[in-house]
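Data first, discussion second: the structure below is written as structure tokens.
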Amino acid sequence: MQLTGGYPFWLIRDGLLNSYPKLLNNTETNTVIIGGGISGALTAYYLINAGIECILVDGRTIGLGSTSASTSLLQYELDVPLHLLKKKVGNENAERAYQLCGNAIDTIIDIMNDVGFTDYQKAKSLFFSMHRSEKKFMQQEFVARKEAGFEVLLLDEKDLKNEYTLEAQYAILSQKGCVIDVYSLTHALLQHSIKKGLQVFDRTSVEDIRYGKRPVIKTADGFIINAKNIINATGYEVVNFIPKGIVNFDCTYAVVSEQAPEQKPFWKNNIMMWNTDDPYLYMRLTKDNRIIIGGRDERFSNSFTRQAMLEKKSKQLQKDFNKVLPHIQFKEEFTWSGTFGKTKDSLPYIGVYKKTPNTYYALGFGGNGITFSIIAAEIIRDILCEKSNPDVKLFSFDR
Ligand SMILES: Cc1cc2nc3c(=O)[nH]c(=O)nc-3n(C[C@H](O)[C@H](O)[C@H](O)COP(=O)(O)OP(=O)(O)OC[C@H]3O[C@@H](n4cnc5c(N)ncnc54)[C@H](O)[C@@H]3O)c2cc1C
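Residue numbers (my numbering): 150 to 548.
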């Protein structure tokens with residue numbers, strides 16, 4: 150599957166951060182992690198810290214899956230607003246999912262500090278509506294968030310104009326959030342874990358798995374890995390391993406501006422912004438004073454069509470941006486696209502899939518893929534360490 154197209158900003162900015170060897174012999178280990186994006190890297194971090202011997206393999210060069218295309222906003226807010234999610238999965242589950250994502254932001258900050266990764270900034274998040282008709286919707290969402298224990302403020306048109314120069318009707322301001330560069334974080338996590346014993350092989354594609362008491366993994370180069378456990382962190386390409394039904398694919402687009410010469414006077418408190426439209430428009434600032442805009446999602450048909458739409462989508466995103474922040478001049482520098490997987494209830498799939506014994510899935514789908522990856526890594530660590538985890542059911546395949 151071609152997961153990305155165009156010029157993903159982090160990949161251009163950071164380049165090839167580290168080189169990893171290819172697997173060129175048969176080997177044996179306790180746990181094989183398939184996938185070297187953020188989900189695999191975080192799971193490896195947790196498992197190595199728990200003293201579990203691991204090998205991580207990736208068919209691509211490390212990080213060049215969806216992770217390299219991510220716009221890297223960390224929010225506790227899921228793609229489905231909390232008051233609507235309650236209707237889908239029940240009050241308790243919806244609140245728990247939001248709270249776990251909130252906790253995941255604190256956890257990832259601790260992890261970044263632990264591995265000495267400094268390319269992150271805490272950021273507030275502004276969920277805004279451009280439609281007068283959404284007054285009740287925004288109030289309901291505000292109440293739901295407050296009831297779930299989040300620190301939020303409800304802002305009106307005047308506040309938004311005065312505080313953020315934003316042309317919108319209502320917004321919910323959340324205190325908790327973070328912006329990062331998840332591509333370089335993935336490398337930082339792997340480098341840290343390698344020092345603690347993790348072995349990482351890239352350009353090592355898993356071609357076949359014989360599931361059983363002791364699974365046998367065959368690579369495309371014909372080598373065998375014998376292991377006790379498999380962690381499948383293959384992102385959207387998991388559909389090569391289990392039936393497609395669990396995830397629907399969209400194309401998504403992002404564009405980054407040139408660096409602004411002045412020091413962010415136009416963007417208050419490094420805030421992340423996203424709106425209530427479907428698909429939603431979102432925006433953030435980078436550390437080097439660029440604006441990233443993302444959205445304009447469409448149902449995925451094939452990567453050729455996705456790529457053909459790139460220029461048009463970039464123009465549309467800039468137009469959307471100028472509707473809400475007309476005084477800011479946006480000068481496009483790089484545009485990219487990515488495949489984006491969504492589940493029916495917007496929650497990820499984590500843990501056991503019955504038909505593939507001794508295999509555990511870390512599948513952070515949706516706009517909160519990164520925070521979900523933290524939750525997945527914690528749950529999988531607990532399963533392998535035979536510790537009970539209260540959230541296994543919430544994200545299970547048979548929920
Ligand atoms: C444009 C865009 C913007 C996004 N913005 C955000 C955001 O702001 N915030 C957020 O939280 N999330 C965001 N996401 C989602 C987030 O980027 C993903 O959830 C996350 O990167 C997925 O990481 P992953 O490790 O699960 O998957 P990947 O990064 O795709 O890693 C999976 C790896 O598995 C490997 N693999 C697959 N099959 C095999 C095989 N058979 N053998 C060996 N290796 C294999 C692949 O090569 C790949 O490297 C965005 C996504 C896109 C595309």
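The beta-carbon is built from N, C-alpha and C at its ideal position, and this holds for glycine as well. Values in this document were obtained by computation on a predicted structure and should not be read as measured data.
Alpha-carbon to alpha-carbon, Ile-183 and Ala-190 = Going by the C-alpha atoms only, they are around 10 Å apart.
Euclidean distance between Cα positions of Val-229 and Asp-357 | Counting only the Cα atoms, Asp-357 lies some 36 Å from Val-229.
Around the C-beta of Lys-536, are 16 or more other C-beta atoms found within 10 angstroms, so that it is buried, or is it exposed?
-> Lys-536 should be labelled exposed.
Please list the segments of the alpha helix (DSSP H) lying wholly inside the region 199-269, counting only runs of 4 or more residues, in order along the chain.
-> Here the runs fully enclosed are 231-238 and 240-263.
Out of Arg-281, Gln-224, Asp-531 and Gln-340, which has the shortest C-alpha to C-alpha gap to Val-264?
-> When only C-alpha atoms are compared, the closest one is Gln-340.
Considering only the beta carbon of each residue, do Ile-197 and Gly-371 sit closer than 8 Å?
-> Cβ distance not < 8 Å, so Ile-197 and Gly-371 don't count as in contact.
Compare the Cα-Cα distances from Thr-484 to each of Arg-445, Gly-515 and Val-473 and report the closest residue.
-> Ranking Arg-445, Gly-515 and Val-473 by CA distance to the CA of Thr-484 puts Arg-445 first.
So, helix, strand or coil for Gly-189, using DSSP?
-> Judged by DSSP in its simplified three-state form, Gly-189 adopts helix.
What residue range is occupied by the uninterrupted alpha helix (DSSP H) comprising Phe-470?
-> 459-473 is the span of the alpha helix (DSSP H), which, as asked, contains Phe-470.
Which one of Thr-210, Glu-226 and Met-421 has the shortest CA to CA distance from Leu-165?
-> A check of alpha carbon separations from Leu-165 across Thr-210, Glu-226 and Met-421 identifies Thr-210 as the nearest.
Consider the C-beta atom of Asp-163 and the heavy atoms of ligand 1; say whether any pair is separated by less than 7 Å.
-> Answer for Asp-163: no, Cβ out of range of ligand 1.
Compute every distance between the C-beta of Gly-487 and the non-hydrogen atoms of ligand 1, then say whether any falls below 7 Å.
-> Indeed, a heavy atom of ligand 1 lies less than 7 Å from the Cβ.
Is it a yes or a no for the region 218-232 touching the region 322-339, going by three-plus beta-carbon pairs under 8 Å?
-> Yes, the region 218-232 touches the region 322-339.
At which residues does the alpha helix (DSSP H) containing Asp-163 begin and terminate?
-> Per DSSP, Asp-163 belongs to the alpha helix (DSSP H) from 158-163.
Residue span of the alpha helix (DSSP H) that contains Leu-496, given as start and end = Unbroken run through Leu-496: none, as it is neither H nor E.
Would you identify the three-state DSSP class for Lys-271, choosing helix, strand or coil?
-> In the three-state DSSP reduction, Lys-271 falls in the strand class (E or B).
Could you check which residue in Lys-307, Thr-505 and Ile-499 has the C-alpha nearest to that of Ile-532?
-> Taking only the C-alpha atoms, the option nearest Ile-532 is Ile-499.
State the Cα-Cα distance for the pair Tyr-360 and Gly-394, rounded to the nearest angstrom.
-> Going by the C-alpha atoms only, they are around 21 Å apart.
Determine contact between the region 285-295 and the region 230-237, defined as no fewer than three beta-carbon pairs at a distance below 8 Å.
-> At 8 Å Cβ cutoff, the stretches touch.
Which whole runs of the beta strand (DSSP E) in the region 400-438 are 3 residues long or more, in chain order?
-> 421-424 and 431-434, all fully within the region 400-438.
DSSP-derived helix/strand/coil call for Leu-315 = Correct three-state label for Leu-315: coil.
Using DSSP with H/G/I as helix, E/B as strand and the rest coil, what is Asp-547?
-> Three-state DSSP puts Asp-547 in coil, outside helix and strand.
Would you say the beta carbon of Glu-386 comes nearer than 7 Å to a heavy atom of ligand 1?
-> Glu-386: yes, Cβ under 7 Å from ligand 1.
Look at the Cβ atom of Ile-391, then the Cβ atom of Tyr-247, and state whether they are nearer than 8 Å.
-> Contact: no.
Assuming Leu-205 contacts Ala-218 (C-beta within less than 8 Å), just tell me the rounded distance between them.
-> With a beta-carbon spacing of about 20 Å, Leu-205 and Ala-218 fall beyond the 8 Å limit used to define contacts.
Nearest neighbour of Glu-226, chosen from Ala-526, Gly-185 and Gly-516 [CA to CA] = Ranked by how close their Cα comes to the Cα of Glu-226, the residues Ala-526, Gly-185 and Gly-516 have Gly-516 in first place.
Do you know how far the Cα of Ile-373 is from the Cα of Ser-354?
-> In this structure, the CA atom of Ser-354 is about 11 Å from the CA atom of Ile-373.
First and last residue of the beta strand (DSSP E) that includes Leu-302?
-> Residues 301-305.
Identify the residues that DSSP records as bridge partners of Gln-348: which are they?
-> The partner list for Gln-348 (beta bridge, DSSP) reads Ile-204.
Relative to the C-alpha of Arg-363, which residue among Trp-159, Asn-179, Arg-162 and Leu-160 is closest?
-> The shortest Cα separation from Arg-363 among Trp-159, Asn-179, Arg-162 and Leu-160 belongs to Asn-179.
Do you know how far the Cα of Lys-464 is from the Cα of Ile-321?
-> Rounded to the nearest angstrom, the two C-alpha atoms are 27 Å apart.
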